[in-house]
Amino acid sequence: MVSEYYFDYRLIIRVLPLFITGLKMTVILSACGILVALPLGLFVGLGRVSKYRFFNLPASIFMQSMRNTPSLIKVYLVYFGLPYLGISFSAFICGVIVLSIHTGSFMAEIFRASIESVSIRQMEASRALGFGDWHAMRFIILPQAIARAIPALGNEIVQLIKNSSILAVISVEELTYSAIGVAEQTGATYEVFTVIGFIYLFVNLIASLIIEFFERKLRVVTV
Amino acid sequence: MLELLTNNLPYMLKATIATIYLSSGSICCGLLIATFFGVLSVYGARTVRVLIRAYVYYVRGVPELVLFFVVFYLIPLLGIQTSKFVAAFITLSVWTSSFMTEIIRGAILSIPKGQTEAARSLGFTSRKSAQHIILPQTVTRAIPPLINEFAKVIKTTSVASIIGVWELTYAAKEISEITYRPLEIYGVAAVVYFILSYLVFILGEKTARRFAYKA
Amino acid sequence: MIKVINLNKSFGNLHILKDINFEVKPQEKVVIIGPSGSGKSTLLKCLHFLEEPDTGEIYIDGKLLGHKLTQNGRKKKMSKSEIAEMRSKIGMVFQSFNLFPHKTVLDNVTLAPRKVLRIPKEEANKVALDLLKKVGLENRAKQFPGMLSGGEQQRVAISRALAMGPKIMLFDEVTSALDPELTGEVLAVMRRLAQEGMTMVIVSHEMDFALEVADRMLFVDEGRIVVEGKPEEILRQKKNERLRNFLDRFVTGKEKFLSLVSKSK
Chain A
0 MVSEYYFDYR LIIRVLPLFI TGLKMTVILS ACGILVALPL GLFVGLGRVS KYRFFNLPAS
60 IFMQSMRNTP SLIKVYLVYF GLPYLGISFS AFICGVIVLS IHTGSFMAEI FRASIESVSI
120 RQMEASRALG FGDWHAMRFI ILPQAIARAI PALGNEIVQL IKNSSILAVI SVEELTYSAI
180 GVAEQTGATY EVFTVIGFIY LFVNLIASLI IEFFERKLRV VTV
Chain B
0 MLELLTNNLP YMLKATIATI YLSSGSICCG LLIATFFGVL SVYGARTVRV LIRAYVYYVR
60 GVPELVLFFV VFYLIPLLGI QTSKFVAAFI TLSVWTSSFM TEIIRGAILS IPKGQTEAAR
120 SLGFTSRKSA QHIILPQTVT RAIPPLINEF AKVIKTTSVA SIIGVWELTY AAKEISEITY
180 RPLEIYGVAA VVYFILSYLV FILGEKTARR FAYKA
Chain C
0 MIKVINLNKS FGNLHILKDI NFEVKPQEKV VIIGPSGSGK STLLKCLHFL EEPDTGEIYI
60 DGKLLGHKLT QNGRKKKMSK SEIAEMRSKI GMVFQSFNLF PHKTVLDNVT LAPRKVLRIP
120 KEEANKVALD LLKKVGLENR AKQFPGMLSG GEQQRVAISR ALAMGPKIML FDEVTSALDP
180 ELTGEVLAVM RRLAQEGMTM VIVSHEMDFA LEVADRMLFV DEGRIVVEGK PEEILRQKKN
240 ERLRNFLDRF VTGKEKFLSL VSKSK
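Protein chains in written order, with numbering that gives the first Met the number 0: chain A, 0 to 222; chain B, 0 to 214; chain C, 0 to 264.
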């Protein structure tokens, strides 16, 4: 029934070092994406909460358009399309841009939901104490909202790390790209991709632990 | 610009239909798998439950592209010859079933403990109480997040283009390479995905409202 | 009818029930009182085998709950369906009603008889409507639980338990979750049930009701039966300090409240 049903362990051990450069790139790429996505998400999320249409509408448009389109299409648009408008980025920068606006839009929704879940009672309480709206937001609502949002944000961070593998198509030399290269050269396709899968799982595990650490540190802030 | 569209829209629409086929097939299949696994993950034997959790953890944790490659190269090794489309269909079904299993599992566990107590106190066995009391209530709770998953499947079909499956993203890439007008072509593709995804979103809202009062 | 011998139950490190021994005779009404966390609910659940005791034996109508004796006289664990069958002889009503929200009132009452006892639909419906009539809710039969008030839901819950034809009824603080005006209607149903001769074990805070209905009362504190006796003895007790403190909280509170209410009038 099964033809080449063996797992070439020695091969895997030999090629593991080749994955390390790819892994490094994946980590750097994801980290940059996360560092841009978080503030972007917060900014857009705040805009979505705002009662002024000037902020609310663009935020809504941004969120709806980014959340309902595949990241691969965005990659192609940015990498192949923007040069026709005179804007040309390296593959890496394209990757960071796409990852951050894609994940950022989901993070915006998370921030919006957590801000709204805090504000109802707290806004009244802080107004009663004499805070202006913006001050109330900065000192009272946001800290709680951010603390509340961390688990969901953590989920999005894991999604971003997974999403980074798509960038292999524009030759960003991250983990999946190196996997494709090794698979092509050695022909051990199935083994290579299975191992890569586990490496991603490992990276996600590390990321989840880091996020849990932050969640625990900020747990005092939640009510 | 208009000429560009009129020349290529028919082709892209055909590709959209391929995308719709791929999506709906994977959704149905994934839903079936997930219902089975979801129920088992709560009521099954310990080994079964552990295996299902491992499966869910793996499939949800690996990037979709890697999953496509794994399935694509695994299938010939098992001695089966299929088209890329079928490989993609299998991958997407497996992928979405892992998320859906978690959703169904969560819905079952969210039923208040009192319901199980009441059922057992009336003499229902575990099986009968699941059949008549727990699982019917699970449906109501699971449907809104499940519909959310449908939209995700539609978007993830685009990754299949990377292994050579002919669907909307693949067609868009073909055309933009011929016509050298990536902005317009990918823009149209984005709009099509948006419409498909948004339609599912609206379906979700309407169904959620219909089921809301019952719970 | 009920015999509890050396019952012990722990949840992890918490030893909830300690050496419980008591008996309930047929048609007897026993009311159990005690502070929260004393294990009263757990005791009821053990009677129903919703919780399994760690040690001890519970006999319902002479049969050992949860185990059966083989020919050699050794204890063998009952199968799940056998346990389910034993459970159907005992009815239980819960503090949070636990009606099935996705079924009509009528279906709530008939579901167990139809699916567990396999009684045909028309017969089950007839019995159910009878029971609903006795609690005054037969005109709500086609409605869903969500449309009923708390007191109405609890009365349906009682009908639902009665539909299985139990010989014993267990009540776990069934009025505690209700607004005060609604408790009366539920207690009326329980009173009538008592008059009809049902064996009842009731966990409750309603002291007036206990005085009226109970043949015996048990005071449970920290997992033990501390005091046992006739209602008048228990409620007027001076000797046991813990019991006195417990009762003071109730009687004083209620008297205070009543006096406040009458003053404002």
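For glycine and all other residues, C-beta sits at the position ideal for the given N, C-alpha and C.
Interface annotation, Pro143 (chain B): not in contact with chain A, CB-CB separation never under 8 angstroms. When the Cα atoms are used, Ile233 (chain C) and Ile224 (chain C) turn out to be separated by approximately 13 angstroms. Contact between Glu116 (chain B) and Asn97 (chain C) holds: their C-beta atoms lie close to 6 angstroms from each other, under 8 angstroms. Taking a Cβ-Cβ cut-off of 8 angstroms, the neighbours of Lys161 (chain A) in chain B comprise Gly60, Val61, Pro62, Glu63, given in sequence order. Contact with chain B is found for Phe93 (chain C), since one of that chain's Cβ atoms lies less than 8 angstroms from the residue's Cβ. For the 8 angstroms CB-CB criterion, Met65 (chain A) and Ile27 (chain A) do not form a contact.
Annotated three-state conformation of Met199 (chain C) is strand, per DSSP.
For the pair Arg52 (chain A) and Phe42 (chain A), the Cα-to-Cα distance works out to about 15 angstroms. The beta-carbon of Gly122 (chain B) is placed less than 8 angstroms from the nearest beta-carbon of chain C.
DSSP, read as helix, strand or coil, puts Ser9 (chain C) in strand.
Val168 (chain A) and Ile161 (chain B) have their alpha carbons spaced roughly 7 angstroms apart.
Residue-level contact check: Ser97 (chain B) does not touch chain A, since none of the beta carbons of chain A fall below 8 angstroms from its beta carbon. Ile26 (chain B) and Asn147 (chain B) have their C-alpha atoms roughly 11 angstroms apart. Inside the segment 84 to 131 of chain C, DSSP marks whole beta strand (DSSP E) runs of 3 or more residues at positions 89 to 92, from first to last along the chain. With a contact defined as Cβ atoms closer than 8 angstroms, Ile153 (chain B) and Ser22 (chain B) qualify at about 5 angstroms.
Apart from sequence neighbours up to five positions away, the residues of its chain that approach Phe61 (chain A) with a beta-carbon distance below 7 angstroms are Val43, Ser104, ordered along the chain. Chain B has no Cβ within less than 8 angstroms of the Cβ of Thr185 (chain A). For Asp220 (chain C), the enclosing beta strand (DSSP E) covers residues 215 to 220. Annotation: Ala83 (chain C) to Tyr42 (chain B) spans about 17 angstroms, alpha carbon to alpha carbon. Ranking A:Val48, A:Tyr189, A:Gly94, A:Ser116 by CA distance to the CA of Leu77 (chain B) puts A:Tyr189 first. Using a Cβ-Cβ cut-off of 8 angstroms, Lys205 (chain B) does not count as an interface residue toward chain A, since no Cβ of chain A sits closer than that to its own. Going by beta carbons, Phe48 (chain C) and Leu63 (chain C) fall outside the 8 angstroms limit. Of all residues in the segment 49 to 80 of chain A, the ones placed with a Cβ closer than 7 angstroms to any Cβ belonging to chain B are Ser64, Asn67, Thr68, Pro69, Leu71, Ile72, Tyr75, Leu76, Phe79, Gly80, in chain order. Among the residues of chain C, those whose CB is under 7 angstroms from the CB of Arg119 (chain B) are Leu49, Arg86, following chain order. The DSSP-derived three-state label of Tyr58 (chain C) is strand. For Gly36 (chain C), the closest of C:Leu16, C:Gln26, C:Val30 by C-alpha to C-alpha distance is C:Leu16. Your pair Ala213 (chain C) and Lys28 (chain C) checks out as a contact, with CB atoms roughly 5 angstroms apart and the cut at 8 angstroms. Linking Phe18 (chain A) to Val70 (chain B) through their CA atoms gives a straight-line distance of about 21 angstroms. Residue B:Arg140 holds the alpha-carbon nearest to the alpha-carbon of Arg208 (chain B) among B:Pro181, B:Arg140, B:Val47, B:Val38.
Phe192 (chain A) is positioned such that its CB atom lies no closer than 8 angstroms to that of Val158 (chain B). Note: Asp171 (chain C) is bridge-paired with C:Val202 in the DSSP secondary-structure output. In summary, the residues of the segment 128 to 161 of chain B whose CB is separated from some CB of chain C by less than 8 angstroms are His131, Ile132, Pro135, Gln136, Thr139, in the order they occur in the chain. Beta-bridge annotation (DSSP): Ile32 (chain C) is paired with C:Phe218. Cβ atoms of Glu172 (chain A) and Met24 (chain A) come within 8 angstroms of each other, at about 5 angstroms.
For Ser125 (chain B), the nearest CB of chain C lies under 8 angstroms from its own CB, placing it at the interface with that chain.
The alpha carbon of Ile145 (chain A) has as its nearest neighbour, out of A:Ser116, A:Asn55, A:Phe79, the alpha carbon of A:Ser116.
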